[in-house]
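Worksheet: the structure to be examined is printed underneath.
Residue numbers (this note's numbering), protein chains in the order written: chain A, 62 to 315; chain B, 62 to 315.
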């Protein structure tokens with residue numbers, strides 16, 4: 062990524078981060094989020110993106126506008142464009158968590174079998190390209206990978222682990238990627254859903270992960286009227302919630 | 062609300078929709094969402110707002126930019142400003158649900174005692190002003206209103222019913238209001254939290270309510286490091302989920 066001026070960044074949607082020619086939504090969010098974080102000088106705390114059109118591989122530009130910069134938080138809008146067409150439109154607030162203070166955690170870490178007991182997503186016909194498969198070391202809960210063999214679990218859930226293949230630490234931008242790197246949870250139902258174009262994705266960054274793979278849980282509870290939700294929780298190895306996500310996606314017919 | 066031109070609207074933050082002088086977040090979202098819906102000619106499907114500063118009563122302006130208008134969906138950004146200062150920054154996609162198609166609902170309607178068995182929020186010292194109390198007919202689950210008497214339930218939950226006092230039907234804009242019209246769920250814990258300034262609120266409109274009060278459930282599961290989440294579900298009387306919400310808010314100390 063190259064900074065053109067205070068508010069504009071030149072970058073590239075790299076080949077191989079796509080599924081059937083459309084770049085992964087988490088990858089695009091992390092790319093745009095990185096430009097926004099650089100422009101405001103703080104890490105993402107909550108960021109929303111709307112996906113306007115599919116992104117092929119190729120050069121892109123991110124335009125950032127800071128709408129408020131306070132002592133603790135800064136809010137910015139941005140869009141990512143390719144060939145002059147907007148692909149992502151974003152809104153985020155940036156800043157650090159403030160350690161300590163009142164705390165109440167009403168849920169424990171999600172339960173996932175150990176990393177080595179989980180399985181890599183099956184090599185797909187229409188699945189993520191080589192770069193994504195080589196750079197990430199995602200593991201799925203046994204059974205949750207069955208959809209590719211025509212044996213969906215029957216539950217709209219996708220549980221597992223997220224890590225970088227080289228073991229690199231996962232920062233706030235990595236969490237944005239992790240929030241949309243798993244196969245859609247709805248693939249584990251019997252519904253005739255072949256792809257799930259995201260309309261909107263919001264990620265709340267809730268902590269800085271300790272080193273090691275992250276426990277991830279994604280589920281869709283409401284598939285109806287051409288739309289579905291997908292909620293995600295991401296926990297680190299110390300038992301801390303590090304991110305929450307939710308998206309609204311289209312359910313194309315047939 | 063008065064349309065100034067294609068993209069600008071003049072409106073007012075009315076007196077009495079405030080809590081301690083700060084206009085209610087759902088009210089402001091509905092106000093800005095109405096301008097955005099008018100500008101793009103479609104109802105809100107998913108809308109995110111970031112709150113930049115408190116809004117006193119007074120005149121405001123909403124500036125809308127349509128970033129994509131497709132056959133089914135349109136995406137727009139907007140900001141609401143007062144005296145030239147941005148108060149809300151918004152991003153939304155607008156359009157209709159598309160009835161039918163694949164469906165899978167993994168959760169039933171939330172359980173709330175009957176409307177008449179629930180209680181009006183207690184008259185508060187620092188609570189919503191007269192307009193909000195007169196226009197809305199919110200009822201809280203017995204026990205969930207105890208926080209005002211110094212008897213919080215101990216659970217970060219706020220369940221109850223939402224209706225307009227005059228029984229008016231609740232449309233998509235009404236759902237935006239309902240998504241942030243209840244007292245914060247965290248008030249039902251023992252934490253020393255006196256107010257909860259919202260950073261970000263996202264609402265997904267999932268259906269058109271049938272006439273009658275709406276069942277609402279709000280809960281905070283993760284209060285930590287100066288931030289909290291609050292998730293909401295809104296169901297209508299026919300047992301249909303009509304909206305989902307989530308917000309990230311600050312937890313001021315002490």
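Don't be surprised by glycine CBs; every beta carbon is placed ideally from N, CA and C.
Small disclaimer: the values here were computed from a predicted structure and weren't measured.
On the DSSP letters alone, give me the boundaries of the alpha helix (DSSP H) that residue i sits inside.
i: residue 237 (chain B); result: 233–239
i: residue 195 (chain B); result: 191–196
i: residue 88 (chain B); result: 86–101
Among the options, whose alpha-carbon lies nearest the alpha-carbon of residue i?
i: residue 215 (chain B); options: A:144, A:166 and A:245; result: A:166
i: residue 118 (chain B); options: B:92, B:269 and B:98; result: B:92
i: residue 293 (chain B); options: B:285, B:264 and B:301; result: B:264
i: residue 249 (chain A); options: A:234, A:202, A:259 and A:269; result: A:202
i: residue 317 (chain A); options: B:277, B:75 and B:261; result: For residue 317 (chain A) there is no data in the structure shown, the boundaries of chain A being 62 and 315.
i: residue 111 (chain A); options: B:155, B:272 and B:287; result: B:155
i: residue 153 (chain A); options: A:83, A:130 and A:142; result: A:130
i: residue 195 (chain A); options: A:172, A:227 and A:178; result: A:227
i: residue 268 (chain B); options: B:259, B:283, B:285 and B:237; result: B:237
i: residue 64 (chain A); options: A:98, A:170, A:81 and A:104; result: A:98
i: residue 179 (chain B); options: B:158, B:221, B:171 and B:146; result: B:221
i: residue 312 (chain B); options: B:301, B:258 and B:225; result: B:258
i: residue 251 (chain A); options: A:217, A:229, A:225 and A:279; result: A:217
i: residue 144 (chain B); options: B:72, B:231 and B:284; result: B:72
i: residue 285 (chain A); options: B:147, B:235, B:149 and B:168; result: B:168
i: residue 308 (chain B); options: B:314, B:300 and B:283; result: B:283
i: residue 83 (chain A); options: A:314, A:148 and A:278; result: A:148
i: residue 123 (chain B); options: B:70, B:81 and B:105; result: B:70
i: residue 103 (chain B); options: B:234, B:225 and B:314; result: B:234
Tell me, to the nearest whole angstrom, how far the beta carbon of residue i is from that of residue j; I am working on the premise that it is less than 8 Å.
i: residue 100 (chain B); j: residue 127 (chain B); result: 6 Å
i: residue 289 (chain A); j: residue 310 (chain A); result: 5 Å
i: residue 212 (chain A); j: residue 223 (chain A); result: At roughly 23 Å, the Cβ-Cβ gap does not stay under 8 Å, so residue 212 (chain A) and residue 223 (chain A) are not in contact.
i: residue 151 (chain B); j: residue 107 (chain B); result: 11 Å between Cβ atoms; not a contact.
i: residue 113 (chain A); j: residue 241 (chain A); result: With 8 Å as the limit, residue 113 (chain A) and residue 241 (chain A) do not qualify as a contact, their Cβ atoms being about 16 Å apart.
i: residue 273 (chain A); j: residue 193 (chain A); result: Contact doesn't hold; Cβ gap of about 20 Å is too wide.
i: residue 163 (chain B); j: residue 254 (chain A); result: 6 Å
i: residue 74 (chain B); j: residue 116 (chain B); result: 5 Å
i: residue 190 (chain A); j: residue 66 (chain A); result: Rounded, the Cβ-Cβ distance is 32 Å, inconsistent with contact.
Would you kindly report the start and end of the unbroken beta strand (DSSP E) that includes residue i?
i: residue 283 (chain A); result: 283–285
i: residue 143 (chain B); result: 135–143
i: residue 309 (chain A); result: 302–311
i: residue 76 (chain A); result: No beta strand (DSSP E) holds residue 76 (chain A); DSSP gives it neither H nor E.
i: residue 263 (chain A); result: 259–266
i: residue 121 (chain B); result: 119–130
Quick one: Cα of residue i to Cα of residue j, how far?
i: residue 244 (chain A); j: residue 219 (chain A); result: 7 Å
i: residue 287 (chain B); j: residue 161 (chain B); result: 42 Å
i: residue 295 (chain B); j: residue 276 (chain B); result: 6 Å
i: residue 200 (chain B); j: residue 62 (chain B); result: 29 Å
i: residue 85 (chain A); j: residue 206 (chain B); result: 45 Å
i: residue 176 (chain A); j: residue 87 (chain A); result: 22 Å
i: residue 281 (chain A); j: residue 256 (chain A); result: 14 Å
i: residue 298 (chain B); j: residue 270 (chain B); result: 8 Å
i: residue 246 (chain B); j: residue 266 (chain A); result: 21 Å
i: residue 302 (chain B); j: residue 133 (chain B); result: 22 Å
i: residue 197 (chain A); j: residue 158 (chain A); result: 26 Å
i: residue 121 (chain B); j: residue 68 (chain B); result: 14 Å
i: residue 232 (chain A); j: residue 181 (chain B); result: 45 Å
i: residue 96 (chain A); j: residue 208 (chain B); result: 43 Å
i: residue 140 (chain A); j: residue 210 (chain B); result: 47 Å
i: residue 171 (chain A); j: residue 230 (chain B); result: 40 Å
i: residue 291 (chain B); j: residue 279 (chain B); result: 6 Å
i: residue 94 (chain A); j: residue 142 (chain A); result: 14 Å
i: residue 225 (chain B); j: residue 146 (chain A); result: 42 Å
i: residue 314 (chain B); j: residue 314 (chain A); result: 49 Å
Since residue i sits in a beta bridge, which residues does DSSP pair it with?
i: residue 151 (chain B); result: B:110 and B:139
i: residue 277 (chain A); result: A:221 and A:295
i: residue 243 (chain A); result: None; residue 243 (chain A) has no bridge partner.
i: residue 167 (chain A); result: Paired residues: none, contrary to the question.
i: residue 334 (chain A); result: In this structure chain A extends from 62 to 315, so residue 334 (chain A) is not present and cannot be described.
i: residue 70 (chain B); result: B:64 and B:123
i: residue 251 (chain A); result: Partner(s): none; residue 251 (chain A) has no beta bridge.
i: residue 105 (chain A); result: A:155
i: residue 290 (chain B); result: B:309
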